[in-house]
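Colleague: In the UniProt record's numbering, the protein residues as written are 1 to 651. Each residue gets a CB set at the ideal place from its N, CA and C atoms; glycine is no exception. Let me give you the structure first, and then I'll get to my questions.
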Amino acid sequence: MSDTLSTSQAEGRDLSPTPEFAAHANGQADLYDAAAADFEGFWADQARQRLTWAKDFDQTLDWSGAPFAKWYVGGELNAAYNCVDRHVEAGNGDRVAIHFEGEGGDTRTITYAELQRDVAKAANALESLGVSKGDRVAIYLPMIPEAVAAMLACARIGAPHSVVFGGFSADALRTRIADAEAKLVITADGQFRRGKSAPLKPAVDAAVEGETTVEKVLVVQRTRDDVAWDDDRDVWWHEVVDAASDQHEAVPHDSEHPLFILYTSGTTGKPKGIFHTTGGYLTQAAYTNSVVHDVHPESDVYWCTADIGWVTGHSYIVYGPLANGATQVIYEGTPDTPHHGRWWEIIDKYKVSILYTAPTAIRTFMKWGDDIPAKFDLSSLRVLGSVGEPINPEAWLWYRKHIGADRCPIVDTWWQTETGGIMISPLPGVTTLEPGSAQRPVPGISAEILDDEGQPLHDPEAVGYLVLTKPWPGMLRGIWGDEERYKETYWSRFGPKYYFAGDGAKYDEKGNIWLLGRVDDVMNVSGHRLSTAEIESALVSHPSVAEAAVVGASDDTTGQAVVAFVILRGGAHDDGDATVQELRNHVAKEIGPIAKPRSIMVVSELPKTRSGKIMRRLLRDVAENREVGDVTTLADSSVMGLIKEGMSSGA
Ligand code: WTA
């Protein structure tokens with residue numbers, strides 16, 4: 001089905017907000033006017049209204065050192081105090097902060113008062129293990145409440161956390177620990193996935209073996225599986241945290257004090273440590289969670305299905321909703337355990353009213369069938385959200401109909417690890433929705449679409465590059481330890497005035513922005529960012545591989561899928577399936593299972609230009625079973641014939 005077909009199917013539906021929804025929405029149309037009239041005044045108001053500052057700021061934005069921004073200069077605050085303590089002080093200590101649902105059905109209900117004690121204890125424990133302000137702490141945990149407490153304990157002390165997704169391998173963890181020079185790692189014995197326990201601690205043991213900056217490993221007991229133990233280094237969470245005092249003073253930190261580092265894939269093999277600071281980031285997370293997700297803390301039950309290992313989990317599980325005092329669900333496991341209706345059962349059970357998830361999940365549910373959600377009572381839902389990749393109109397319409405009862409607004413939210421918070425999205429109480437489009441920048445954010453020469457494009461359907469034209473509070477403050485790479489990656493493609501997002505985009509005739517996917521060598525697989533270069537370097541680190549090229553081929557469920565082409569070394573024997581399997585496992589070991597190629601083709605040559613650059617465009621044609629495009633710039637034009645021939649003969 002093409003986009004136009006499904007969009008026209010939507011025509012005839014009224015996708016404007018109902019008067020009732022509009023009347024109660026947090027985000028009203030006047031926000032656009034306020035931000036346009038006084039940009040800095042608007043953001044100053046957001047910061048002061050939504051957060052509690054220990055010391056007010058003197059200057060909203062200092063852009064004199066562009067592209068290095070300072071927001072809320074002179075202000076001081078504590079992010080953990082803002083996310084927890086102040087709600088207790090305001091008399092909301094009995095409000096549920098977290099409804100935790102373990103994969104195996106174990107549950108925990110944590111109020112704000114309890115979360116305050118948990119965070120204070122964890123902060124005291126971290127300090128007793130030698131962590132102080134400025135030290136980096138790596139967090140490698142499953143989706144359990146201790147992950148939230150650990151992040152907030154770090155924030156409380158002012159020790160930037162670096163959360164590493166639990167699906168990453170020991171090697172990936174080691175690289176991230178080394179780059180951030182983390183002093184402590186917080187992990188668990190293991191996690192529950194698909195009805196089984198999967199170990200986590202062995203990866204940490206391997207990652208800190210030999211020379212390392214890590215002094216202590218703090219281990220949460222989750223699965224109770226046996227783990228190897230180093231008495232000098234390893235400490236049980238339930239021993240030190242449970243025994244610690246539940247009183248801990250939240251000292252204020254400078255607005256620009258680093259809050260966290262989060263590694264993401266770029267166009268080179270080395271992951272980038274995107275770092276965010278305190279005041280601006282927290283302002284944008286709280287503001288967008290309020291006006292876009294429309295969280296009403298006194299009545300809503302909010303559920304963001306992301307993992308805390310990704311930025312979505314940082315901004316929309318931990319910092320945004322907790323700063324707003326929301327009640328939320330955290331689910332540990334996979335959507336198919338123990339049955340395909342698990343998510344809908346959770347929504348029914350906790351009366352979830354706001355659901356924020358990813359297109360890849362929605363497409364998976366479409367495949368599983370409409371009858372599954374139909375068995376559950378989803379009538380508590382009132383807002384649906386999407387994030388991570390473009391949502392195709394078919395999936396949008398399915399989500400609206402089968403989950404949202406043709407009633408709930410869907411907010412398609414475009415943003416990045418780098419942006420810290422949502423940038424382009426409808427406001428559910430204001431915007432007439434357009435299935436498949438993220439539509440327009442939220443109030444306070446400015447974007448443009450530029451052509452190859454850097455000229456603004458406004459013609460409907462003309463495809464260009466998305467740029468952001470003004471700094472924003474939640475923007476990254478740099479790449480950890482690499483100022484040059486920050487300038488070069490984001491602020492040079494179209495000159496220093498434009499932040500280059502790396503996404504293709506176009507306007508439609510109604511002025512809506514459509515995001516069209518990455519324009520660089522970054523793939524988006526199930527909403528996870530992976531770099532072609534990173535997977536290529538994992539492949540060539542295998543002794544049998546001489547050369548590798550990786551492309552993202554379109555995939556009905558995961559958006560894109562990793563397809564690799566490899567040339568084996570002379571002497572390496574091609575054992576067909578066994579070789580392919582071994583290489584796939586090798587990538588999983590080097591990076592993590594999410595990076596495993598869907599398919600690997602052993603070839604004798606790769607298509608290269610005369611200057612030696614691999615022409616991925618042609619390989620993508622092969623991977624997507626298309627007629628191969630223009631080959632005239634190839635150094636050897638017979639190569640593509642050889643590759644195609646090899647494939648049809650089953651290589
Ligand atoms: C893509 C995830 C289209 C985009 C929050 C971006 C999207 C990258 C959308 C960032 C969306 C995210 N529509 N594309 N609503 N949301 N993307 O850093 O390519 O993991 O550059 O942040 O995801 O991925 P990241």
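1) With DSSP as the reference, label residue 653 as helix, strand or coil.
2) What do you reckon, are the CB atoms on Tyr-140 and Val-220 nearer than 8 Å?
3) Here's a check: name, in chain order, each residue in its chain whose Cβ is nearer than 6 Å to the Cβ of Tyr-32, leaving out the five neighbours to either side.
4) What separation, rounded to the nearest whole angstrom, lies between the Cα atoms of Gly-641 and Val-550?
5) Kindly indicate which three-state DSSP category Lys-367 falls into: helix, strand or coil?
6) How would you call His-24, buried or exposed, if buried means at least 16 neighbouring beta carbons within 10 angstroms?
7) Are residue 731 and Thr-60 touching if we call contact CB-CB under 8 Å?
8) Could you say which of Ala-548, Leu-152, Thr-312 lies nearest to Pro-160 if we only look at CA atoms?
9) Using the three-state DSSP reduction, which class does Cys-408 fall into: helix, strand or coil?
10) Counting only runs of 4+ residues fully inside the region 330 to 404, write out the alpha helix (DSSP H) ranges in chain order.
11) Between the region 537 to 546 and the region 486 to 497, do three or more beta carbon pairs fall short of 8 Å?
12) Run through the DSSP bridge pairs and tell me what Arg-108 is partnered with.
13) Quick test of your reading: residue 687 and Tyr-507, contact by CB under 8 Å. State the CB separation rounded to the nearest angstrom.
14) At which residues does the alpha helix (DSSP H) containing Gly-279 begin and terminate?
15) For Pro-359, which residues from the same chain have a beta carbon less than 8 Å from its beta carbon, with the 5 sequence-adjacent residues on both sides left out?
16) Could you check if Arg-626 is buried or exposed, using at least 16 other CB atoms within 10 Å of its CB as the buried criterion?
17) Would you identify the three-state DSSP class for Val-525, choosing helix, strand or coil?
18) Taking 7 Å as the limit between beta carbons, can you name the residues of its chain near Leu-5, skipping five residues before and five after?
19) In three-state terms, what does DSSP make of Ala-244?
20) Just to check my reading of the structure: Phe-57 and Gly-75 have Cβ atoms closer than 8 Å, yes? What is that Cβ distance to the nearest angstrom?
21) Since Gln-581 is in the alpha helix (DSSP H), which residue starts that stretch and which ends it?
22) Please say whether Gln-439 and Ser-425 have beta carbons closer to each other than 8 Å?
23) Which word fits Gly-629, buried or exposed, when buried means at least 16 other C-beta atoms lie within 10 angstroms of its C-beta?
24) When you compare only the Cα positions, how much space is there between Ala-572 and Leu-262?
25) Using DSSP with H/G/I as helix, E/B as strand and the rest coil, what is Val-318?
26) Have a look at Gly-650 and Ser-544 and give me their C-alpha separation to the nearest angstrom.
27) Are the region 187 to 197 and the region 208 to 216 touching, with three or more C-beta to C-beta distances below 8 Å?
28) Would the beta-carbon of Ser-386 be found less than 7 Å away from any heavy atom of ligand 1?
29) Taking Gly-27 and Asp-294 to be in contact with their CB atoms under 8 Å, please state how far apart those CB atoms are, rounded to whole angstroms.
30) Using a Cβ-based criterion (distance less than 7 Å to any ligand heavy atom), does Leu-618 qualify as near ligand 1?
31) Around the C-beta of Arg-569, are 16 or more other C-beta atoms found within 10 angstroms, so that it is buried, or is it exposed?
32) Taking the beta carbon of Gly-436 as the centre, do at least 16 other beta carbons fall within 10 Å, making it buried, or is it exposed?
33) Which ranges does the alpha helix (DSSP H) cover as unbroken runs of at least 4 residues, wholly within the region 16 to 64, from first to last along the chain?
34) Quick check on the burial criterion: 16 or more other C-beta atoms within 10 angstroms. Buried or exposed for Trp-63?
35) What is the residue span of the alpha helix (DSSP H) that Leu-618 lies within?
36) Who pairs with Thr-413 in a beta bridge, going by DSSP?
Modeller: Concretely, from the data shown:
1) Limits of the chain in this structure are 1 at one end and 651 at the other, which puts residue 653 out of reach.
2) With a cutoff of 8 Å on beta-carbon distance, Tyr-140 and Val-220 are scored as not near each other.
3) The answer, listed in chain order, is Pro-443.
4) If you take the alpha carbons of Gly-641 and Val-550, they lie about 19 Å apart.
5) Residue state, collapsed to three classes: helix.
6) So His-24 counts as exposed.
7) The question about residue 731 has no answer here: the residues shown for the chain are numbered 1 through 651.
8) Comparing Cα positions, the closest option is Leu-152.
9) In this structure, Cys-408 counts as coil in the three-state DSSP scheme.
10) Fully contained in the region 330 to 404 are the following alpha helix (DSSP H) runs of length 4 or more, in chain order: 342 to 350, 359 to 368, 371 to 374, 393 to 398.
11) No, the region 537 to 546 does not touch the region 486 to 497.
12) Residue pairing by DSSP places Arg-108 opposite Phe-100 in a beta bridge.
13) With the chain represented from 1 up to 651, any question about residue 687 goes unanswered, as that position is not in the structure.
14) Where Gly-279 is concerned, the enclosing alpha helix (DSSP H) stretches over 279 to 291.
15) Excluding sequence neighbours, Pro-359 sits near Ser-386, Gly-388, Glu-389, Pro-390, Ile-391, Asn-392, Ala-395, Gly-527, Gly-559.
16) Under this definition Arg-626 is an exposed residue.
17) Three-state DSSP puts Val-525 in a strand.
18) Interpretation of Leu-5 is limited by its pLDDT of 42, a score under 50 that renders its predicted location unreliable; the figure taken from the coordinates is listed afterwards. Around Leu-5: no qualifying Cβ.
19) Coil, per DSSP.
20) Contact holds; Cβ gap of about 3 Å.
21) Membership of Gln-581 in the alpha helix (DSSP H) is indicated by the continuous run 577 to 590.
22) In this structure, Gln-439 lies closer than 8 Å to Ser-425 by Cβ.
23) Answer is exposed; the Cβ neighbour count stays below 16.
24) Rounded to whole angstroms, Ala-572 to Leu-262 spans 38 Å at the Cα level.
25) In this structure, Val-318 counts as helix in the three-state DSSP scheme.
26) Confidence is the limiting factor: at Gly-650 the pLDDT is only 42, short of 50, which leaves the residue's position unreliable, though a coordinate-based value still follows. The alpha-carbon atoms of Gly-650 and Ser-544 are separated by roughly 20 Å.
27) Contact between the region 187 to 197 and the region 208 to 216 is absent, because fewer than three Cβ pairs lie under 8 Å.
28) Ser-386 Cβ: within cutoff of ligand 1.
29) Indeed they touch by this definition, with Cβ atoms about 7 Å apart.
30) False, no ligand heavy atom lies under 7 Å from that Cβ.
31) Counting Cβ neighbours within 10 Å, Arg-569 comes out exposed, since fewer than 16 surround it.
32) Buried is the call here.
33) Fully enclosed alpha helix (DSSP H) runs of no fewer than 4 residues occupy 19 to 24, 30 to 37, 39 to 50 of the region 16 to 64, in order along the chain.
34) It is exposed - the Cβ of Trp-63 has fewer than 16 other Cβ atoms within 10 Å.
35) Taken as a continuous stretch (DSSP letters only), the alpha helix (DSSP H) holding Leu-618 covers 616 to 623.
36) Partner(s): Val-387.
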